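For the sequence shown, the working numbering gives the first residue as 19, with consecutive numbering after it. All C-beta atoms in this analysis are idealised placements derived from N, C-alpha and C, irrespective of residue type, glycine included. None of these values were measured; they are calculated from a predicted model. To start, the structure itself, in structure tokens.
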Amino acid sequence: MTQKTALNILKTGANVFLTGEPGSGKTYVVNDYVDYLRRAGIETAITASTGIAATHIGGMTIHSWSGIGIKKKLTKYDLEKIATSEYLVKRIRRTKVLIIDEVSMISADTLTMVEAVCREVKGVSAPFGGLQVVLVGDFFQLPPIVDRQEPAPTDLFLELETIEQSTSHFSFSSPVWPRAGLIVCYLTEQHRQADRQFSAVLSAIRSETVGVLEQEIVASRLVTPNTVPTEATKLFSHNLNVDQINLDKLNKISGSVRIFTMKSEGREALVITLKKSCLSPERLELKIGARVMFTKNNQRLGFVNGTLGEVIGFAKLSGRPIVKTKDGRRIEVESMAWPVEENGRALAQITQLPLRLAWAITIHKSQGMSLDEAVMDLSQVFEFGQGYVALSRVRSLAGLHLLGWNQKAFAVHPQVLSIDRNFCQQSVVGEETFTKMPMVDLQKMQRNFILASGGQWPVKNEADEKSRPVINHQRIKKNKIDTLDETLALWRQDQTLKQIAQKRKLAESTIFSHLERLVLQNQLKPAELKRLPSPVLTKALPKIQTVFKELKTRNLLPVFEKMGGAYSYDDLRIARLLLED
């Protein structure tokens with residue numbers, strides 16, 4: 019699928035899984051869509067699985083946005099607490115579109131928890147509380163890190179009924195994935211690897227068709243430890259290799275060592291968990307000339323988790339390290355806290371400089387980076403996807419310096435290989451459906467979504483936006499009555515769909531979309547819409563709604579196919595709207 023087609027589908031308000039090879043333009047499409055939504059005045063939450071991934075699209079982590087934090091499970095009690103947090107409730111309720119980037123690194127249970135939070139806070143039973151959800155990622159990337167030896171529960175969480183759990187760690191195994199009715203947009207253009215030969219190798223890994231030719235191409239990039247470029251970033255599969263290389267490099271630098279020790283307070287079990295998840299070491303040794311990476315986000319000081327730099331000195335009074343980043347900025351680095359909070363009170367906390375040595379980094383940490391050149395040793399790769407992620411970090415074959423590899427380096431998870439073929443097929447079907455659709459119908463869907471979300475139509479183009487003065491970066495509120503409220507008022511005056519459309523000079527399909535949105539927001543009850551269907555359709559409702567329930571779906575296509583096309587999509591939409599949960 020092309021970027022243009024994917025963007026057109028997104029603009030209809032459909033829930034979407036946006037995927038494709040590294041360099042296919044996923045982030046470009048997301049940025050384009052976010053810009054479009056901003057110009058339409060629609061509130062958008064931009065999130066990702068990790069700090070560095072979030073910053074690639076200018077967002078925050080999904081854990082922070084949803085309020086689930088570091089929880090591995092969510093009880094009904096936890097949901098109630100989140101739903102009474104004023105700032106979380108405001109954030110989630112004003113959101114119309116939720117974007118989750120690097121979804122491959124989010125576990126199935128995490129996605130399930132986020133969806134449960136959205137429904138609870140929105141007070142709407144539809145998937146994700148009726149939000150448009152855009153999941154972005156590539157499952158050939160590294161899977162989520164799952165703690166298979168979860169510690170015994172502490173008294174921090176009450177032993178209440180937990181929400182539905184998943185049997186597999188991939189997010190597509192979450193029970194909410196099929197319920198969300200995602201349209202798959204599989205991007206097929208390549209914009210990162212200009213090297214066709216190298217792109218062919220990466221594609222062969224994805225399709226599990228690596229042969230003699232591909233192995234010969236990779237073998238042509240073998241180097242020895244004595245011939246590797248000194249300035250190139252080194253990628254390894256194990257932390258042990260990374261730690262040893264970083265220590266050796268530090269010892270070769272002349273000058274005195276400055277030692278910074280982590281501080282901790284609070285519950286011991288929570289402190290242990292925090293230390294395990296923190297990328298900064300308990301004992302951090304630094305010298306002038308040390309290559310470092312930031313391990314936490316600080317927008318005020320201008321660094322994020324993954325920013326690279328070099329220690330160029332230490333402040334005279336405070337003794338803090340001064341780091342020069344790759345783009346030339348100088349930052350005096352202060353200690354930062356990693357807390358676990360409960361109702362605004364810290365139960366445990368660790369404090370350390372948000373830094374670690376970075377001559378070498380793990381393949382896991384490199385995900386999302388794009389490098390001109392890198393040195394890597396894939397001879398100890400132990401996880402599906404590690405080799406592919408490492409190789410796809412570099413832009414061309416010339417930038418690849420390989421110390422070795424094993425056969426696991428070319429292996430992909432069989433479950434991912436299978437689901438990816440399914441995603442490709444779904445994308446083809448979606449593309450055919452939307453490309454065959456008359457442009458006037460497509461634009462009508464896009465218009466309906468913007469208006470139903472409280473946005474402005476037509477959407478301002480970039481030229482209009484740039485010429486419009488900004489006042490304190492705040493959006494000027496509309497003086498007119500919200501479009502949904504106006505439709506609601508007219509419906510409760512016993513006016514018909516046709517009468518409301520004529521009075522408001524809108525299409526009947528737009529008014530119907532308003533009614534759907536009002537039901538999702540619990541402003542209208544299905545019982546208030548009994549006069550919507552025709553007498554003929556009213557008699558058929560029990561039969562149609564039974565099929566919806568039997569198939570356990572809210573999607574129209576499965577019901578349409580099950581009933582052999584006996585009823586139109588408009589009739590099915592009405593039946594779905596009147597369906598009591």
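C-alpha gap between residue i and residue j, whole angstroms
{"i": "Lys4", "j": "Gly583", "result": "Outside the shown range of the chain, which is 19 to 599, sits residue 4, and nothing can be said about it."}
{"i": "Gly405", "j": "Val219", "result": "12 angstroms"}
{"i": "Ile330", "j": "Thr206", "result": "43 angstroms"}
{"i": "Ile340", "j": "Leu418", "result": "31 angstroms"}
{"i": "Lys270", "j": "Met394", "result": "21 angstroms"}
{"i": "Ser274", "j": "Val351", "result": "19 angstroms"}
{"i": "Leu288", "j": "Leu92", "result": "17 angstroms"}
{"i": "Gln461", "j": "Arg197", "result": "26 angstroms"}
{"i": "His187", "j": "Ala429", "result": "18 angstroms"}
{"i": "Thr65", "j": "Lys314", "result": "16 angstroms"}
{"i": "Ile181", "j": "Phe146", "result": "Low confidence applies here, because Ile181 scores a pLDDT of 43, under 50, leaving its location unreliable; read the following figure in that light. Roughly 14 angstroms between the two C-alpha positions."}
{"i": "Thr30", "j": "Glu226", "result": "35 angstroms"}
{"i": "Ala222", "j": "Val565", "result": "42 angstroms"}
{"i": "Ser384", "j": "His256", "result": "13 angstroms"}
{"i": "Tyr585", "j": "Lys548", "result": "18 angstroms"}
{"i": "Ile110", "j": "Val139", "result": "7 angstroms"}
{"i": "Asn316", "j": "Ala525", "result": "48 angstroms"}
{"i": "Ser192", "j": "Asn440", "result": "16 angstroms"}
{"i": "Lys523", "j": "Gly346", "result": "56 angstroms"}
{"i": "Lys108", "j": "Thr380", "result": "38 angstroms"}
{"i": "Gln211", "j": "Phe158", "result": "Only weak support exists for where Gln211 lies, its pLDDT of 49 falling under 50; the value from the coordinates is given anyway. Whole-angstrom Cα-Cα distance: 17 angstroms."}
{"i": "Lys14", "j": "Gly85", "result": "There is simply no residue 14 to check, as the chain begins at 19 and stops at 599 in what is shown."}
{"i": "Ser272", "j": "Gln215", "result": "43 angstroms"}
{"i": "Thr20", "j": "Tyr95", "result": "44 angstroms"}
{"i": "Val132", "j": "Pro247", "result": "44 angstroms"}
{"i": "Gly43", "j": "Cys203", "result": "12 angstroms"}
{"i": "Phe190", "j": "Leu200", "result": "11 angstroms"}
{"i": "Ile27", "j": "Phe452", "result": "7 angstroms"}
{"i": "Val554", "j": "Gln443", "result": "37 angstroms"}
{"i": "Pro456", "j": "Thr23", "result": "13 angstroms"}
{"i": "Ala408", "j": "Trp356", "result": "29 angstroms"}
{"i": "Lys342", "j": "Gly307", "result": "10 angstroms"}
Helix, strand or coil at residue i [DSSP, three-state]
{"i": "His419", "result": "strand"}
{"i": "Thr380", "result": "strand"}
{"i": "Thr369", "result": "strand"}
{"i": "Gly199", "result": "coil"}
{"i": "Gly284", "result": "strand"}
{"i": "Asn338", "result": "It is Arg, not Asn, that sits at residue 338 in the sequence shown. Three-state DSSP puts Arg338 in coil, outside helix and strand."}
{"i": "Ser436", "result": "helix"}
{"i": "Trp356", "result": "strand"}
{"i": "Glu504", "result": "helix"}
{"i": "Thr279", "result": "strand"}
{"i": "Ile271", "result": "coil"}
{"i": "Leu265", "result": "helix"}
{"i": "Ile489", "result": "Residue placement at Ile489 is poorly supported in this model, since its pLDDT is 28, which falls under 50; the coordinates still yield a value, given next. Note: Ile489 maps to strand in three-state DSSP."}
{"i": "Gln474", "result": "coil"}
{"i": "Gln464", "result": "helix"}
{"i": "Thr564", "result": "helix"}
{"i": "Glu401", "result": "coil"}
{"i": "Met19", "result": "coil"}
{"i": "Asp588", "result": "helix"}
{"i": "Leu547", "result": "helix"}
Bridge-paired residues (DSSP) for residue i
{"i": "Gln150", "result": "Val115"}
{"i": "Phe321", "result": "Asn316"}
{"i": "Ser125", "result": "Phe188"}
{"i": "Ala144", "result": "Answer by DSSP bridge pairing: none, since Ala144 is not bridged."}
{"i": "Lys252", "result": "Ala378 and Val393"}
{"i": "Glu328", "result": "Arg309 and Lys342"}
{"i": "Leu1", "result": "In this structure the chain extends from 19 to 599, so residue 1 is not present and cannot be described."}
{"i": "Arg348", "result": "Lys342"}
(request) Assess, as a yes-or-no matter, whether the stretch 108-126 is touched by the stretch 145-153 under the definition of 3 or more beta carbon pairs within less than 8 angstroms. (result) Three or more pairs of CB atoms, one per stretch, sit closer than 8 angstroms, so the stretch 145-153 contacts the stretch 108-126.
(message) Just to confirm the assignment: which complete beta strand (DSSP E) runs, minimum length 3, are found wholly within the stretch 29-101?
(response) Counting whole runs of 3 or more residues, the stretch 29-101 contains the beta strand (DSSP E) stretches 34-38 and 62-66.
(message) Tell me whether the stretch 374-381 and the stretch 301-320 touch, counting them as touching only if at least three CB pairs, one residue from each stretch, are closer than 8 angstroms.
(response) With a cut-off of 8 angstroms, the stretch 301-320 and the stretch 374-381 count as touching, because enough Cβ pairs lie within range.
(request) Please determine if the stretch 239-255 and the stretch 419-429 are in contact, where contact requires at least 3 C-beta pairs separated by less than 8 angstroms. (result) The answer is yes - the stretch 419-429 touches the stretch 239-255, with three or more Cβ pairs under 8 angstroms.
(request) Mind the definition here: the stretch 589-598 touches the stretch 545-561 only if three or more C-beta pairs lie below 8 angstroms; say whether that holds. (result) By the C-beta criterion, the stretch 589-598 is judged to be in contact with the stretch 545-561, since at least 3 inter-stretch pairs fall below 8 angstroms.
(message) If contact is defined by three or more beta carbon pairs under 8 angstroms, each pair taking one atom from either stretch, is the stretch 91-105 in contact with the stretch 32-41?
(response) Short answer: they don't touch.
(request) Count the CB pairs spanning the stretch 49-61 and the stretch 464-473 that are closer than 8 angstroms, and state whether there are at least three. (result) Taking one beta carbon from each stretch, the stretch 49-61 and the stretch 464-473 have 3 or more pairs nearer than 8 angstroms; the two touch.
(request) Starting from the N-terminal side, write out each stretch of the beta strand (DSSP E) that is 3 residues or longer and does not extend beyond the stretch 202-247. (result) DSSP runs (the beta strand (DSSP E)) wholly in the stretch 202-247: none.
(request) Can you check the stretch 507-532 for any alpha helix (DSSP H) of at least 4 residues that lies completely inside it and give the ranges in chain order? (result) Entirely contained in the stretch 507-532, the alpha helix (DSSP H) runs reaching 4 residues are, in chain order, 515-522.
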